[in-house]
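Here our numbering is used: the first residue of the sequence shown is 9, the next is one more, and so on.
Think of the CB as a built atom: it goes at the ideal place given N, C-alpha and C, for glycine as much as any other residue.
To keep things clear, I will list the structure first and then write my remarks on it.
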Amino acid sequence: MDNVAVQTHLNHFKLLFEWFGRILAILGIAFVVTKLSQYSAQIHITQLQPLHFSIILGLSLMYACANSLLAMAWLQVLAHFNLVAPTQWAIKTYGVSQLSKYIPGNIFHIASRQVIGQLSQLPAKALIQSSIYELLLLALCGGVYAILTLHRFVVMDSLASFLLFTVLSINAFLIVRFTFSLALAKATCLYWLFLGCSGLIFLMLFHVFAAPTWSLTLTLLVLGGYILAWLAGLVTPGAPAGIGVREAVLWLILQGTVQQSDLLTIVVIGRIITSMGDVLFFATCALMKSTQWRHLP
9 MDNVAVQTHL
19 NHFKLLFEWF
29 GRILAILGIA
39 FVVTKLSQYS
49 AQIHITQLQP
59 LHFSIILGLS
69 LMYACANSLL
79 AMAWLQVLAH
89 FNLVAPTQWA
99 IKTYGVSQLS
109 KYIPGNIFHI
119 ASRQVIGQLS
129 QLPAKALIQS
139 SIYELLLLAL
149 CGGVYAILTL
159 HRFVVMDSLA
169 SFLLFTVLSI
179 NAFLIVRFTF
189 SLALAKATCL
199 YWLFLGCSGL
209 IFLMLFHVFA
219 APTWSLTLTL
229 LVLGGYILAW
239 LAGLVTPGAP
249 AGIGVREAVL
259 WLILQGTVQQ
269 SDLLTIVVIG
279 RIITSMGDVL
289 FFATCALMKS
299 TQWRHLP
């Protein structure tokens, strides 16, 4: 009788966790829609041409695809802790939980992933450790990319900052590989690629809407500046998806490179692109066929 009561409580607990995950997802969607509405009101949409909307949609799709790199990296982090999960399960889990980062607190996507993982019988401790390692590796890769902006703050040739960035990128991979594991080294590469893709998307947006004269100095500054701003949003406690923080840092780094009105438009549209990309990635993952999988200790 006691066993039946325990099982009943476990079933109720499981159901509660399932609804908690669903509520987090719904709150995340609502928050994104609200922010999209706010940002759209800050720019003159009527001045945008149909080509601009096509470019925004295309860049949003690119960002949605880039999000899969984060899911694949998380899969490698799990592998570091000897947790072998199906690729489809990992992508779906990461995708449906990731949108919760827009809820104030900036931790609910991690909590949602923790819930889904535990429902699949993954050890709670290993899941928490995987989230910590993910943040550390993202911060490591973001810090490496930030080197590209050094010539903005100190007397340094832009080519020298690029060479230093290249050397540090290789060293970061090697240090993780030989200090920890090959799986974590693979995760580092995937995080590095995600940040690079994100920076390139913003760089394309910058050139479309500001049309500046091309130069290596400006290219590295825009690429590295975006990722540095992204990193600032990541490490700021309580900022949902770095909203506000990322935009402020971007403005400070890129101020003076183009007209202020163009820069404001670019920064705002950049947030719209990442928000739309996150929603598209979430929708794609939500529509993926569910994988009935349980981790066997």
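Alpha helix (DSSP H) segment containing residue i, residue limits
{"i": "K194", "result": "190-218"}
{"i": "D270", "result": "268-295"}
{"i": "W82", "result": "58-88"}
{"i": "Y110", "result": "First-last for Y110: undefined, no H or E at that position."}
{"i": "Q137", "result": "132-154"}
{"i": "T157", "result": "It is not in any alpha helix (DSSP H) - T157 carries neither H nor E in the DSSP assignment."}
{"i": "T225", "result": "224-243"}
{"i": "I115", "result": "Premise fails: I115 is in no alpha helix (DSSP H) and is neither H nor E."}
{"i": "T221", "result": "Here T221 belongs to no alpha helix (DSSP H), and DSSP marks it neither H nor E."}
{"i": "A180", "result": "166-187"}
Where residue i falls, given that 16 or more other Cβ within 10 Å makes a residue buried
{"i": "T187", "result": "exposed"}
{"i": "L295", "result": "exposed"}
{"i": "W222", "result": "exposed"}
{"i": "G36", "result": "Note that G36 scores 49 on pLDDT, short of 50, meaning its location in the model is unreliable and no value can be drawn from it."}
{"i": "N90", "result": "exposed"}
{"i": "G241", "result": "buried"}
{"i": "L24", "result": "exposed"}
{"i": "K297", "result": "exposed"}
{"i": "T282", "result": "buried"}
{"i": "V230", "result": "buried"}
{"i": "I178", "result": "exposed"}
{"i": "Q106", "result": "buried"}
{"i": "A87", "result": "buried"}
{"i": "A79", "result": "buried"}
{"i": "G150", "result": "buried"}
{"i": "K100", "result": "buried"}
{"i": "S206", "result": "buried"}
{"i": "A193", "result": "buried"}
{"i": "A98", "result": "buried"}
{"i": "F61", "result": "exposed"}
{"i": "V175", "result": "exposed"}
{"i": "V163", "result": "exposed"}
{"i": "L239", "result": "buried"}
{"i": "L59", "result": "exposed"}
Cβ shell of residue i (< 7 angstroms), same chain only, five flanking positions each side left out
{"i": "H159", "result": "D165, S166, S169, T225"}
{"i": "A195", "result": "A81, Q84, V85, L145"}
{"i": "T157", "result": "L229, G232, G233, L236, I261"}
{"i": "G285", "result": "S68, Y71, A72, N75"}
{"i": "L258", "result": "G233, Y234, A237, V275"}
{"i": "T227", "result": "L211"}
{"i": "P131", "result": "none"}
{"i": "F214", "result": "V230, I274"}
{"i": "V104", "result": "A33, F290, C293, A294"}
{"i": "W200", "result": "C149, S177"}
{"i": "S189", "result": "H88"}
For residue i: DSSP bridge partner residues
{"i": "Q263", "result": "V266"}
Neighbourhood of residue i by C-beta distance below 8 angstroms, restricted to the same chain and skipping five residues each side
{"i": "S139", "result": "I118, R121, Q122"}
{"i": "A291", "result": "none"}
{"i": "L208", "result": "L231"}
{"i": "Q263", "result": "L271"}
{"i": "P220", "result": "F214, L226, T265, V266"}
{"i": "V92", "result": "L86"}
Cutoff 6 angstroms; reference residue i; Cβ partners in own chain excluding five residues on either side
{"i": "Y141", "result": "V85"}
{"i": "F173", "result": "I155, L156"}
{"i": "L135", "result": "Q122, G125"}
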